[in-house]
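These notes concern the structure reproduced below.
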Amino acid sequence: MQDMEMQPEVKFSARGVDVFYGSTQAIKAVDIDIEDRAVTAFIGPSGCGKSTFLRCLNRMNDTIDICKVTGEIKLDGGDIYDNEVDPVQLRARVGMVFQKPNPFPKSIYDNVAYGPRIHGLATTKAELDDIVEQSLRRAAIWTEVKDRLDAPGTGLSGGQQQRLCIARAVATAPEVLLMDEPCSALDPIATAQVEELIDELRASYSVVIVTHSMQQAARVSQKTAFFHLGEVLEYGETGKIFTNPDHEKTQQYITGRFG
Amino acid sequence: MATTVDMTALSAQHTSDAANRRSKARHWAEWRLKAYGIAAIALAALALGILISTVIGKATTVFYEYYISLDTRISVTEAERDRLRDPNPRARVGMDKVARNAMVAKVERDLNRTERRDLGRLLSTDAGLELGDVVKADMGLIGQRLLYPALLDDEVQMYLKGGLGKLIDAGTQGRLVLKELGDEIQLGFEPGAMEVAREGLAKQRANAARAARAEAARQENAIAATRTDLTGASEESRASIQAALDSFMARRDKAVEDAQRLQGLADDANAVFTLTNEDPSVLIRMSGGWLKLTELGPTSARAIVMEPLDILGSADAGDWNAEYLARPEISRNLNDRQVVWIETFKRSGFIFAEVNTRLLSVSDSSNAELAGIWGAMVGSFWTMIVTFCLAFPIGVMASIYLEEFAPKNRLTDFIEVNINNLAAVPSIVFGLFGITVLISGVKLFDVQLFDGLLRAIVDDPRSTPLAGGFVLALMSLPTIIIAARASIRAVPPSIRDAALGIGASKLQTSTHHVLPLAMPGILTGSIIAMAQALGETAPLIIIGMNSFIQEAPSTPFDKGNVLPSLIYLWNNNSERLFDGKTAAAIVVLLLFLIAMNALAVLLRKRFERRW
Amino acid sequence: MNMSRHIVTSFDDELKTISARISEMGGMAEEQLSRALEAVATRDSMMASEVIANDDRIDAMEVKLEEMTIQLLALRQPVAKDLREVVAALKIASTLERIGDLGKNVAKRAIYLNESQPLKISSSIVRMGRQTQTLVAEVLDAYTVRDTALAVSVWKRDVDIDEMYNSLFRELITYMMEDSRTIGLCSQLLFVAKNLERIGDHATFIAEMIYYVTEGKRLGDDRPKGDPLGELPLPEHF
């Protein structure tokens, strides 16, 4: 609880963000400040735009031709949609973990080493080995895989695969980790492991997680944003959102009264 | 909405008689469908079985080839000696004379010109040349005796394989009495001793009689038709029509007469058959020689000497033997004398069979016994190399661009539709395109590619594997692009997301992840496209790859031939031995296709992953 | 409950059942209190005994309610208002059980009082009791309809009970100082008054719970309270 007494440092600052898919507006005037070294959860019903907004934060939406983003998103004060910014470099700073564990069909080692290799983070094999080990340790999977780094990453269990993907994201030394429903394909035990991991990662990164499980949002996050029809209806302390939300829609959504 | 149906009561319907009837009908319909399916598959399997068994059955006839072992004495003229010394392998020496002399020596008697020619023709056209090659390889053989196996002529090969009908053992029964009668020999034998030959001849006469009757009937029709013409004809034309009518009637009368005579012979147990070259041959083997019958009665016959007998005297049963060859001399390329020689050599053990490696190791030839598929295989190989080198990179790059980089708009849609359409274009059209672009291009526009190098190498691109490969590459492109796009699309987007998400560029994502994962699928599709191209004939005929080329192309710029067009060529040849060789070439082509498809299946099984 | 229904309707049913059980239990506690006061007023020991005997039923109901709420917490994992609802129900149930206990205690004292001379002051006790009973009844009504205003009014009016208690306290002390023979009797009455004052406090707690359920906030600590020690008449020899 010490964090709350300190003035929280803002990592991402979004102002008036609109996202259009062709002529349909997916995100409407979103203003949000995402804190450093904290877990921020995005919740909301399907199609509310929470994933879309998450993908704005590392410009993954750029890969969709018809997607257009307006407004301002600043990472440490710099506009990430500036023409000067290379989305490839941005994505190295803002790592992402996806809904389905998606390890490359390569060895565990190569999975983790891929990012550092393409970004030139290691100059020697020893350095690369060290980065791989640290990343795997940080993703709390080192002890499980250290004896079989040459085994294919796809041969791991679902939970291990997802932690491997987290290790892979961590390996590029990002400042922010975006997680798009990271546990939706996992069993409860694996989910718990990943949640524990997210809690540990909070110490070093700003973590943004999109989840459909409100319990998960409640368990892992410090701040929660409720998205509805492309808007952020409510954004605040997770404890407050889940005991006494301000907005009627939030209340209805989290208590299971939607629609 | 007002409820009129009580849903809970409907449950009982499921156990009613009507439901049972419906279920029975359903089962019956299902059974019928299965039966149709099985029948269809059985039909297809039957067709395939017939195809395979026919082809393989024919191909087995060229599995062996026949040689005759010649006891030669190598002697050369000065001119020949010079040529033998020439290191150029193309300077070949035809030692036909040596080979022929060795043949003559085998017959052990003086031969006249015709006989010598006939005897020489038993050898393959190239037998002398091949002997020359042996001598060239070892000059020390000159002046020596050499036991040399010479390849036999294709007709002889056919005969030995039974392709011209077999010499049937017509038996030996009782004593055969010989009496010299001028040039001919009078034979006397027990009644029934020549029964096999007589039955064969009677049957042949009966068939001839039937044919004559059919001819008579045809003439009768013609007569009837001409008569009607005659009634309505004008005075001027009447004379010519009458002349035609007369000739028809004469022919009918002759046919009727022939039919009666032949039928009479066939029916008469004591008939005396006169044997001409249109009749089956009846030969008598005795005392180290051969006789040929010219007339066959119930207990006597006339014969001429084919190969002289040791003793011209009578022989008891077992010391003589009648042989019967159903195919008349006139309808085969080997005369009776040649047959007698072949039989003699065979019986003396000079003729032996060897596994036919020549088929795979030599190129095309106009002589059936010398023709092989090596040149065509090499031509196919070069063509496939050119096809692959052109079609694979272009196809893969096009697919990567279309799938990963191209914006989705009307233009790319249009391109996509047209690629699919291109796959349906008849292959012969590609041939026309090829001849227009490539051949006219080189000829008319004097292509100066690579400083005119291309122009220098391919002066006339017709018939070259380069041109063939170019055309086949065009033909395979749509197939490769469609397969490649499908397998690129099969790579899950999550892999792309993963790579992009850790900051890989689009190009890195494509080359590091998407392409390697799609590669087995792309290769499978490409191999299948290649297999299709390997079996393609039509466009290659257009660009002239079906020409007769005796040498294997050593580069893709030399004139060459491919397997399917060789098959097409051979199939049009009249020599009987080419039938078997065509089938053998088909078998080889099929083996290549099966091997390529097996490779494709293996790749798919081994590397295919499902997401 | 001005909110729309849950998507899972059985959740709604369970919440309603708990609410209904609370109301039923509240009715019973109120009844117990009323009958205990009746027993004091009419000096009816029989009725007092009945009240004592009936307390078990309230205890049983509390156990039942506790089971229901715990099960609902485990299976439905309610959040926000639902969570407050359930937690409040759990707390209100135990409060009502305490009210029932206090009622029983009043009835027990009534039996003792009935055995001695009647005192004039008893009627003041009964009046205070009626006032307490009204608060309990009102707070239960407020719970049934989630009427925050009524709950707040109950919460504010508890000060009246406190003041009545203080004056009764002073009066009984005076009695006891005047006539030491009445000490036993008066101390019994003092206990009855104290019990009633406690019941009033419990009613305010329920009011606070109602406020928490509907508003999501605490009602605060600035509740008006009577000061029992301010004007306490000390014995002279102290």
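So the sequences go chain by chain: A, B and C.
Those letters in the first sequence? Residues 1 to 259, by our numbering.
Those letters in the second sequence? Residues 1001 to 1611, by our numbering.
Those letters in the third sequence? Residues 2001 to 2238, by our numbering.
Glycine included, each C-beta is placed from N, C-alpha and C at the ideal position.
Query, Result
"Touching by the beta-carbon criterion (3+ pairs, under 8 Å), the segment 1268 to 1279 of chain B and the segment 1308 to 1324 of chain B", "no"
"Residue-chain proximity (Ser2004 (chain C), chain A), Cβ-Cβ < 7 Å", "yes"
"CA-to-CA distance, Gly1372 (chain B) to Asp1364 (chain B), given in whole angstroms", "5 Å"
"DSSP state of Arg1073 (chain B) mapped onto helix, strand, coil", "strand"
"Residue of C:Lys2194, C:Arg2109, C:Ser2153 and C:Leu2065 minimising C-alpha distance to Asp2162 (chain C)", "C:Lys2194"
"Residues within the segment 94 to 109 of chain A neighbouring chain B, beta-carbon criterion of under 7 Å", "Gly95, Met96, Phe98, Lys100, Asn102, Phe104 and Pro105"
"Beta-carbon proximity list for Ala218 (chain A), same chain, < 7 Å, skipping 5 on both sides", "Thr238 and Phe242"
"Glu1608 (chain B) versus Arg1085 (chain B): straight-line alpha-carbon distance, rounded", "59 Å"
"Touch test, the segment 1082 to 1097 of chain B against the segment 1152 to 1162 of chain B, Cβ-Cβ under 8 Å, three pairs minimum", "no"
"Helix, strand or coil at Glu2208 (chain C) [DSSP, three-state]", "helix"
"Rounded separation between Asp76 (chain A) and Phe12 (chain A) - CA only", "6 Å"
"Under 7 Å (Cβ pairs) to chain C, residues found in the segment 237 to 252 of chain A", "Phe242, Thr243, Asn244, Pro245, Gln251 and Gln252"
"First and last residue of the uninterrupted alpha helix (DSSP H) at Thr63 (chain A)", "Premise fails: Thr63 (chain A) is in no alpha helix (DSSP H) and is neither H nor E."
"Residues that Gly1165 (chain B) bridges to, as DSSP identifies them", "In DSSP, Gly1165 (chain B) forms no bridge with anything."
"Residue-chain proximity (Gly256 (chain A), chain C), Cβ-Cβ < 7 Å", "yes"
"Validate contact between the segment 1382 to 1394 of chain B and the segment 1469 to 1481 of chain B using beta carbons, cut 8 Å, 3 pairs", "yes"
"Neighbour-count burial assignment, Gly16 (chain A), 16 or more Cβ in a 10 Å radius", "exposed"
"Exposure label - Thr250 (chain A); buried when at least 16 CB within 10 Å", "buried"
"Test: Val2079 (chain C) CB closer than 7 Å to a CB of chain A", "yes"
"Asn61 (chain A) to Cys165 (chain A) span [Cα, whole Å]", "20 Å"
"Contacts around Ile1185 (chain B), its chain only, beta-carbon distance under 8 Å, and the 5 residues preceding and following it disregarded", "Leu1178, Lys1179, Leu1291, Arg1302, Ala1303, Ile1304, Val1305 and Leu1312"
"At least three beta-carbon pairs within less than 8 Å, the segment 40 to 48 of chain A to the segment 64 to 81 of chain A", "no"
"Same chain, Cβ closer than 6 Å to Thr1004 (chain B), five either side skipped, listed in chain order", "none"
"Contact list for His1627 (chain B) against chain A, beta-carbon separation under 7 Å", "Because residue 1627 (chain B) is not part of the residues shown, which for chain B are 1001 to 1611, the question remains open."
"Per DSSP, the bridge partner or partners of Asp2179 (chain C)", "Bridge partners of Asp2179 (chain C): none, in fact."
"Spatially closest choice to Leu2135 (chain C) from C:Ser2153, C:Leu2090 and C:Ala2039, by CA coordinates", "C:Ser2153"
"Whole-angstrom distance between Glu2215 (chain C) and Tyr2165 (chain C), CA atom to CA atom", "31 Å"
"Short CB-CB distance (under 7 Å) between Ala173 (chain A) and chain B", "no"
"Chain B contact for Ile118 (chain A) (CB, 7 Å cutoff)", "yes"
"Rounded separation between Ser1526 (chain B) and Ala29 (chain A) - CA only", "50 Å"
"Proximity to Met1596 (chain B) [Cα-Cα], best of B:Leu1577, B:Ser1554 and B:Leu1523", "B:Leu1523"
"As assigned by DSSP and simplified to three states, the class of Ile1586 (chain B)", "helix"
"Straight-line gap, Asp150 (chain A) to Gln161 (chain A) (C-alpha atoms, nearest Å)", "14 Å"
"Segment contact, 8 Å Cβ cut-off, at least three pairs: the segment 1239 to 1256 of chain B with the segment 1216 to 1228 of chain B", "yes"
"Residue-chain proximity (Arg137 (chain A), chain B), Cβ-Cβ < 7 Å", "no"
"Near-chain B residues of the segment 55 to 70 of chain A - C-beta to any C-beta below 8 Å", "Asn58, Met60, Thr63 and Asp65"
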